[in-house]
Every structure is written in C-alpha cells, then in structure tokens.
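With the sequence shown counted from 1, adding 199 to any position gets you the working numbering.
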Amino acid sequence: MRRLLAASVLAGLALATAAAAQTMSPIAIIPRPVSLTPAHGAFTLTARTTIWADRADSAVARGFARDIAPSTGYDLPVRIGVGASGNRIIFKRAARRDTTLGPEGYRLDVRPGVVTVTSSAPAGAFYAVQSLRQLLPAAIFRGAVVPDQRWTAPAVSITDRPRFAWRGMHLDVSRHFMPKEFVKKYIDLLALHKMNVFHWHLTDDQGWRIQILKYPRLTEVGAWRAHTLVGRPHGDSTQDVFDAKPHGGFYTQDDIREVVEYAKERFITVVPEIEMPGHSQAAIAAYPGLGNFGETMPVWDRWGVSKHILNPSDTTIGFMEDVLTEVMGLFPSTFIHTGGDEADKTEWKASPRAQAKIRALGLAPDDPANPHDVRAENELQGWFTNQIDAFLTAHGRRLVGWDEILDGGLAPRAVVMSWRGIDGGIAAARAGHDVVMAPGNYTYFDHYQSVNQAAEPLAIGGYLPIDSVYAYDPVPPQLEPQYAIHVLGAQGQVWTEYIPDPKQAEYMAFPREAALAEVLWTPRDEKNFADFMTRLPADLARLQVLDVNYRR
Ligand code: TNX
C-alpha cells in the first residue's frame, strides 16, 4: 500500500512536471542574443508582481506593463526605486565604468521570483523587455485575457548588444497607401525584433502621402490617382488593363506626429523619404510649375520609372526646402531621405531651362555627338542634391539618398543607401561616406519567396528566400576594414506596386524581416541558419497570435 501510494505520488509528480514543461515556452529569441546561459527554474509573472525602475527606465517599464496587460489581465504597478522583496522585475542602470553594453545593450537575468534588467540606457532596457516577452508563452501577445495560462519564463542569463546601429525596414506607402493603424502595427513588429529604423517612403510618382500645410495641393491632388494597373504592364501599353477604382490617401500632420511618437516609445527612428528630382510625378501633377515644360499631368497610374522629373531651378529647390522645413518639424530624425534614384534625364536634356542651368553652373557639357550622354545632367542632379544637402546640414540634419546620388559628386556628410547591388555602397564607404546597405538580391522583400511563382501571389519578380536573407552580410568581404566602419547597417525594402494592402505587406515582410533582424543584431560568428530555423517556429507562433499574415 505504502509503495503504491509512493508510486502514484511519483506518477503525479511526473504529470505535474510534464504540465510545467508544456506551459514553459522554449527559449527561442530572435534575433539570437550574443550570449545566453540557461539557469535552474523559472520566473512566473503574477497579478502581484511589482516592477521597479529608476526615472529614466520608468517609461520602458510602464510600456512593458501596458503591453502585457491585455493578455494577463494584470495591472502591474511600476515603482521608482529598487525593490528588495516579493515577486519582482527590476530595471537597473549599469555601473558608469561598465562600457561593455553600449547604448543599446542589456543584461537580462531571469530567476525564480526575480527578473533583473541591467542597461546603460533606456534603449537597452527596452531590448531586454523584448527578450523577456519572447521568453514568456506566445499567448502573452494576445489582445484579450487568456484564462488559465501560467505566465512562466525559463531562468536564463543573457548579455546582449547589437552588431549594427542601423537596423531598418522600409515601407512604400505611395504605390499603395497603408493606413496609420497598420504603420503602427508594422512598427510594433519591428520593435519586437529589435529593429530601430523605419524608413517611410512617403512620396513617389503614384502618390504624395504627407500633408504639407504650405502646399495643400500636394495631397488634395497628389494623393489620389484615378485607377491602378491590374497585373503587370502589358508590353504594348494600349493593352494595359486598369481597375475602375480611384486609389489614394495621405497622413495628416497629426497622424505623422502620432506615428513618430509611437515609434519613439519603441526606440525606432522614423526616417522620412521625400523623393527628388525623379519619382516626383505626383508632386508635378499637383504643381505643374515643378515640371520642365509647364504641362499638366495626372498622378501616375503605371509602374516603372516616369519620364517626368522636377525642373532644376532655384524656385524648385526653394519649394522643396519649404517642404523639408515642415518635414523636419515633424520628424526629429537626424537622417532625412531625399530619394535620388532613377531620375530620367530625358527632359533635362530637352529643356532649354535645364541646359541654361548647366551652362550657368559651368558644368562640363555632354558630348554633342552622343545623344545618350547624360554626364552633364547627372552633375546637374549632383548640384540639386548638394543644394538640398547644404540646406539639411544647416539645420543639423543629414541627407540620405539612393546610390545614384554618387553619380554627380556628393557632399561628405551625405549617407548613401546602396540598392543597385553593393558596389555603390563599397564606393561610397571608400570615399568616406556612411552607408546603409539595401541590395536588391538580399533585402528586397517585394521579391518572390518561392521559385514556383504560380503558387505565390503576383509580385514584381525576383526570388529572395529566407535563407538568402539570412546569409547576407552587410559588410562586403572586399571592403577594407578601415572603411567597414562606414557601414551603418542594412534594411529591408517593401515596395508596394504589387502589394495592395496590409495583409499582403505582412505576407511579403514576414518572416524574412526576422532573418534580417538577426543579420543586423547578432555577431557574425554567432549566426547559424539551422539554429535560426529551430527558433523560427516559436517566432511564427508569436506572429500568429499578433494576427500577422506571415508566409508559411
Ligand atoms: C526600384 S529601389 C525602385 C523603386 C521600385 C523598386 C521595385 C529604388 C531606389 N527604386 O522605385 O519600387 O525598384 O523593386
């Protein structure tokens, strides 16, 4: 009898352990921390957990309490100071002399009864919170109370800091407008993976999406197009098919402020992009005087590179400076992106005004025998970019542009975003420019995720599977170490010609964004694709709870 009892107690224990194991989530943090050591036991979050922080970390601590409130139903208090007893989470400042963590690093010690976060600055505390959320069951991300869930995190010691300072994701809201609510969700998802830059592509040929008070027609006219191309362009443009639905939308300045503030609370810098002088047809549609020949034109209804570009006059520079003045008022980011890609030079070559400007600036003329020579026009674009660069620099900002801005000679503080492969990035870094890598073959999330295109929703083309994203190293192997410091990081691009809505944007961005996050955060030697794939299912479970339409 005694033995039987003992056996059943043991069996009961085994059952209890199995149940505990089930509620305990696997350790599957993305991006992979620099170092992670499992310890014994677990921490369980309860309705009586108290959170302790100094004033600097209290916003992060309150953010954590707010994030976990819907699923747990707990309203956890945040106290100023260092709690010494009870079930608790403590945020601490690292000792001043401890420089190992850097501005974004953290230590996270999870033990039975107490979680300790140590960081040199609030950003590190925020990233510790992201790791802690990923240690808890995926249900922590639910938007409504989850009954009967034990909120347990396995005991671990983590020391962590990012490899790169620029960990970005881009979103094109010009080709298809994306509502503010989705932009905030996107920012949440970036923050979860410790990304810190959101590059907001706000203007292009097909739509101007940011309210500018001084020039209301930019959104009254420029934010709307009559219809949208259905499918890909037909070779013969008279055969192109359009939907019959007007498309458009824009963000008011209040919307922008709301998004910027939301991002800031999540340690994400919003880098706005205002395209010039190419990819500007929506602006010219609104203000025909910005064009080269004064003609009226609609906001563009096709994809590709419009032949219309801004005229290179002082008046146009002044107009764009007015726009950027409002932009700088809305976006505290040091970096302001002014596009610069794919500026078709045909109109400048044909325009007497543009040619007069070339002569007035004393630029070397094109070879008259070669109608395709656009060296002078490229230098004219260089002049345009440098005018804008000087303006931004005078206001304490730094211009960022696509790698074409290198073609016409470039001011030293300007940052180059290398998209036509990596050569532009290498050349820019060697010339002393800071660089953000964005090469199509590794970071274009508008490309297909399968070789079997028929099985995928229509996309622009290309093929970029998640293992290629993961294999990418933003520092090109041929770049000499003394220039490698100019590589600030990299970012993923979500161009939306063939991405009509948020659900499709999620499908293209996730989970490739998770792979890129690890490229940008984890030390090169700690990267391991097979290991990433063992952690990915837990991350997908989180995305599932967050209602993300990730690609399966
Ligand atoms: C090129 S990338 C563009 C975009 C398109 C994209 C499509 C870049 C700087 N310009 O305008 O949307 O290709 O993949």
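In this text, a Cβ means the ideal position worked out from N, Cα and C, and glycines have one as well.
CA nearest to the CA of residue i, picked from the options
i: Thr358; options: Pro232, Gly661, Arg424; result: Pro232
i: Pro676; options: Arg723, Asp347, Met377, Val396; result: Arg723
i: Gly539; options: Trp582, Gly342, Pro564; result: Trp582
i: Ala713; options: Leu391, Thr524, Thr271; result: Leu391
i: Ala589; options: Phe644, Leu579, Glu520; result: Glu520
i: Pro269; options: Phe242, Asp297, Gln333, Gly342; result: Gly342
i: Arg295; options: Pro276, Arg332, Ala320; result: Ala320
i: Arg478; options: Leu560, Leu335, Trp407; result: According to the sequence shown, residue 478 is His rather than Arg. For the residues Leu560, Leu335, Trp407, the minimum Cα distance to His478 belongs to Trp407.
i: Pro302; options: Ala322, Phe728, Val522; result: Ala322
i: Val526; options: Trp399, Ala626, Thr545; result: Trp399
i: Ile665; options: Tyr706, Ala689, Asn651, Pro710; result: Pro710
i: Ser512; options: Met377, Ala255, Gln586; result: Gln586
i: Val504; options: Phe492, Tyr486, Ala716, Lys544; result: Lys544
i: Arg287; options: Asp274, Pro531, Tyr662, Ile250; result: Ile250
i: Ile516; options: Leu489, Ala704, Phe530, Val498; result: Leu489
i: Asp622; options: His594, Gly639, Gln452; result: Gly639
i: Gln703; options: Ala568, Asp371, Val277, Tyr641; result: Asp371
i: Tyr292; options: Arg254, Thr533, Asp266; result: Residue identity differs from the one stated: residue 292 is Arg in this sequence, not Tyr. Comparing Cα positions, the closest option is Arg254.
i: Pro445; options: His433, Leu428, Ser330; result: Leu428
i: Phe466; options: Asp439, His426, Ser532; result: Ser532
i: Gly430; options: Trp423, Asn395, Val440, Val344; result: Val440
i: Val344; options: Val309, Thr271, Pro673, Tyr385; result: Thr271
i: Leu742; options: Ala238, Leu591, Asp500, Leu388; result: Leu388
Residues sharing a beta bridge with residue i, DSSP
i: Asp403; result: Gly406
i: Ser617; result: Met636
i: Thr317; result: Lys291, Arg306
i: Tyr450; result: Ile409
i: Tyr643; result: Gln692
i: Tyr671; result: In the DSSP output, where bridge partners are listed per residue, Tyr671 has none listed.
i: Pro237; result: Val355
i: Leu244; result: Trp350
i: Arg278; result: Trp251
i: Leu428; result: Phe441
i: Tyr662; result: Tyr647
i: Ile508; result: Note: Ile508 sits in no beta bridge, so no partner.
i: Phe534; result: Arg597
Other residues of its chain near residue i: CB distance less than 7 angstroms, five sequence neighbours each side excluded
i: Trp720; result: Pro230, Pro361, Arg362, Arg366, Lys393
i: Ala327; result: Tyr305, Leu307, Val316, Ser318
i: Gly738; result: According to the sequence as given, residue 738 is Asp; it is not Gly. Answer for Asp738: Ala227, Ile229, Pro710, Ala713, listed in chain order.
i: Pro487; result: Gly493, Glu494, Thr495
i: Tyr450; result: Lys379, Arg408, Ile409, Gln410
i: Val469; result: Phe397, Trp399, Val458, Val459, Ala462, Phe530, Ser532
i: Glu546; result: Asn491, Lys506, His507, Ile508
Same chain, Cβ closer than 6 angstroms to residue i, five either side skipped, listed in chain order
i: Gly624; result: Ser617, Val634, Met636
i: Pro476; result: Ile508, Leu509, Ala542, Phe583
i: Gly608; result: Gly581
i: Arg734; result: Ala227, Ile229
i: Glu603; result: Gly539, Asp540
i: Val718; result: Tyr671
i: Pro225; result: Ala737
i: Thr248; result: Leu275, Asn286
i: Gly312; result: Asn286
i: Pro564; result: Ala575
8 angstroms Cβ shell around residue i - same chain, five flanking residues per side excluded
i: Leu687; result: Phe363, Ala364, Trp365, Val614, Asp633, Val634, Val635
i: Arg374; result: Asp403, Gln405, Gly406, Trp502, Trp694, Thr695, Glu696, Ile698
i: Ile473; result: Leu401, Thr402, Ile409, Met519, Val522, Leu523, Val526, Ile535, His536, Thr537, Gly538
i: Glu780; result: Summary: the structure shown does not reach residue 780, with the chain confined to residues 200 through 751, and so no result is reported for it.
i: Tyr647; result: Glu655, Ala658, Gly660, Gly661, Tyr662, Leu663
i: Ala220; result: Residue placement at Ala220 is poorly supported in this model, since its pLDDT is 42, which falls under 50; the coordinates still yield a value, given next. So no residue of the chain qualifies.
i: Asp730; result: Arg231
8 angstroms Cβ cutoff, residue i in contact with chain B
i: Ile289; result: Absent from the structure is chain B; it holds one protein chain and no more.
- Message: In chain order, what are the residue ranges of uninterrupted alpha helix (DSSP H) at least 4 long that sit wholly in the stretch 464 to 494?
- Response: For the stretch 464 to 494, whole alpha helix (DSSP H) runs of length 4 or above, ordered along the chain, are 480 to 485.
- Whole alpha helix (DSSP H) runs in the stretch 366 to 397 with 4 or more residues, listed along the chain? You should have 379 to 391.
- Message: Quick check on the DSSP output: what are the complete alpha helix (DSSP H) runs of length 4 or more inside the stretch 549 to 635, in order along the chain?
- Response: Counting only runs of 4 or more, we get 551 to 559, 574 to 593, 622 to 629.
- Message: If we require 3 or more residues per run, which beta strand (DSSP E) segments fall completely within the stretch 312 to 357?
- Response: Entirely contained in the stretch 312 to 357, the beta strand (DSSP E) runs reaching 3 residues are, in chain order, 313 to 318.
- Ordered list of beta strand (DSSP E) runs contained in the stretch 673 to 747, each at least 3 residues: DSSP runs (the beta strand (DSSP E)) wholly in the stretch 673 to 747: 686 to 691.
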